[in-house]
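Heads up: the sequence shown begins at 0 in numbering that gives the first Met the number 0, then just goes up one per residue.
From the three backbone atoms N, C-alpha and C, an ideal C-beta is built for every residue, glycine too.
Here is the structure we will look at, set down as C-alpha coordinates.
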Amino acid sequence: MTDSEFDILDELYFVTSFRDLLQKTSLPAPTLEKGLRNLLEQDYIKSFYPDPDTEQAYEVTSFGAICRDSFYLATKAGLLAHNTR
0 MTDSEFDILD ELYFVTSFRD LLQKTSLPAP TLEKGLRNLL EQDYIKSFYP DPDTEQAYEV
60 TSFGAICRDS FYLATKAGLL AHNTR
(Lines of atoms letter the chains of each structure in order from A and count residues from 1; the text may use other names and numbers.)
(Lines give C-alpha, C1' and ligand atoms only; values in the text may rest on other atoms or scores of the structure.)
Protein backbone atom coordinates (compact mmCIF):
# COMPACT_ATOMS: atom_id res chain seq x y z
CA MET A 1 0.00 0.00 0.00
CA THR A 2 1.41 3.36 -1.02
CA ASP A 3 1.37 6.43 1.20
CA SER A 4 -1.31 7.97 -1.04
CA GLU A 5 -3.48 4.87 -0.75
CA PHE A 6 -3.02 4.91 3.03
CA ASP A 7 -4.13 8.56 3.12
CA ILE A 8 -7.17 7.75 0.98
CA LEU A 9 -8.19 4.85 3.23
CA ASP A 10 -7.77 7.13 6.23
CA GLU A 11 -10.72 9.17 4.93
CA LEU A 12 -12.99 6.25 4.03
CA TYR A 13 -14.30 5.06 7.38
CA PHE A 14 -17.58 6.62 6.21
CA VAL A 15 -19.03 7.03 2.71
CA THR A 16 -17.18 9.94 1.10
CA SER A 17 -17.49 11.67 -2.28
CA PHE A 18 -14.61 12.10 -4.72
CA ARG A 19 -14.79 15.87 -4.23
CA ASP A 20 -14.48 15.53 -0.44
CA LEU A 21 -11.55 13.13 -0.87
CA LEU A 22 -9.79 15.70 -3.06
CA GLN A 23 -10.11 18.32 -0.33
CA LYS A 24 -9.27 16.07 2.61
CA THR A 25 -6.26 14.31 1.06
CA SER A 26 -4.90 17.28 -0.94
CA LEU A 27 -3.90 14.79 -3.64
CA PRO A 28 -4.00 15.82 -7.31
CA ALA A 29 -7.07 14.39 -9.06
CA PRO A 30 -5.08 11.94 -11.27
CA THR A 31 -3.22 10.59 -8.22
CA LEU A 32 -6.48 10.19 -6.32
CA GLU A 33 -8.07 8.37 -9.27
CA LYS A 34 -5.11 6.00 -9.54
CA GLY A 35 -5.17 5.31 -5.79
CA LEU A 36 -8.91 4.63 -5.82
CA ARG A 37 -8.51 2.30 -8.80
CA ASN A 38 -5.73 0.35 -7.02
CA LEU A 39 -7.73 0.11 -3.79
CA LEU A 40 -10.82 -1.10 -5.67
CA GLU A 41 -8.74 -3.76 -7.44
CA GLN A 42 -7.50 -5.00 -4.05
CA ASP A 43 -11.06 -4.99 -2.64
CA TYR A 44 -9.96 -2.50 0.03
CA ILE A 45 -12.77 -0.10 -0.87
CA LYS A 46 -16.12 -0.20 -2.62
CA SER A 47 -17.75 2.44 -4.76
CA PHE A 48 -21.25 3.86 -4.90
CA TYR A 49 -22.91 5.52 -7.88
CA PRO A 50 -24.99 7.60 -8.62
CA ASP A 51 -25.75 8.15 -4.93
CA PRO A 52 -24.16 7.10 -1.61
CA ASP A 53 -26.67 4.26 -1.17
CA THR A 54 -26.24 2.42 -4.49
CA GLU A 55 -23.20 0.16 -4.57
CA GLN A 56 -21.52 0.01 -7.97
CA ALA A 57 -19.42 -2.99 -8.97
CA TYR A 58 -15.92 -1.99 -10.06
CA GLU A 59 -15.45 -2.24 -13.82
CA VAL A 60 -12.12 -1.27 -15.34
CA THR A 61 -13.69 0.03 -18.54
CA SER A 62 -16.27 2.36 -16.98
CA PHE A 63 -14.42 3.54 -13.86
CA GLY A 64 -12.82 6.57 -15.52
CA ALA A 65 -16.19 7.87 -16.69
CA ILE A 66 -17.87 7.76 -13.26
CA CYS A 67 -14.91 8.05 -10.88
CA ARG A 68 -15.37 11.73 -10.05
CA ASP A 69 -19.12 11.38 -9.52
CA SER A 70 -18.88 8.35 -7.23
CA PHE A 71 -18.73 7.85 -3.49
CA TYR A 72 -16.34 5.49 -1.69
CA LEU A 73 -16.13 3.46 1.52
CA ALA A 74 -13.44 1.22 2.99
CA THR A 75 -14.21 -2.49 3.22
CA LYS A 76 -13.41 -4.66 6.22
CA ALA A 77 -10.27 -5.89 4.42
CA GLY A 78 -9.29 -2.30 3.70
CA LEU A 79 -9.74 -1.24 7.31
CA LEU A 80 -7.66 -4.19 8.51
CA ALA A 81 -4.88 -3.37 6.04
CA HIS A 82 -5.00 0.29 7.07
CA ASN A 83 -4.89 -0.44 10.80
CA THR A 84 -2.08 -3.01 10.63
CA ARG A 85 0.31 -0.81 8.71
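On the DSSP bridge assignment, give the partners of residue i in chain order.
{"i": "residue 73", "result": "44"}
{"i": "residue 54", "result": "47"}
Could you compute how far the alpha carbon of residue i sits from the alpha carbon of residue j?
{"i": "residue 72", "j": "residue 1", "result": "18 Å"}
{"i": "residue 19", "j": "residue 32", "result": "13 Å"}
{"i": "residue 16", "j": "residue 84", "result": "24 Å"}
{"i": "residue 24", "j": "residue 48", "result": "21 Å"}
For residue i, does the count of other Cβ atoms within 10 angstroms reach 16, so buried, or fall short, so exposed?
{"i": "residue 56", "result": "exposed"}
{"i": "residue 45", "result": "buried"}
{"i": "residue 64", "result": "exposed"}
{"i": "residue 12", "result": "exposed"}
{"i": "residue 80", "result": "buried"}
In chain order, what residues of the same chain have a beta carbon less than 7 Å from the beta carbon of residue i, not counting five sequence neighbours either side?
{"i": "residue 3", "result": "26, 30 and 34"}
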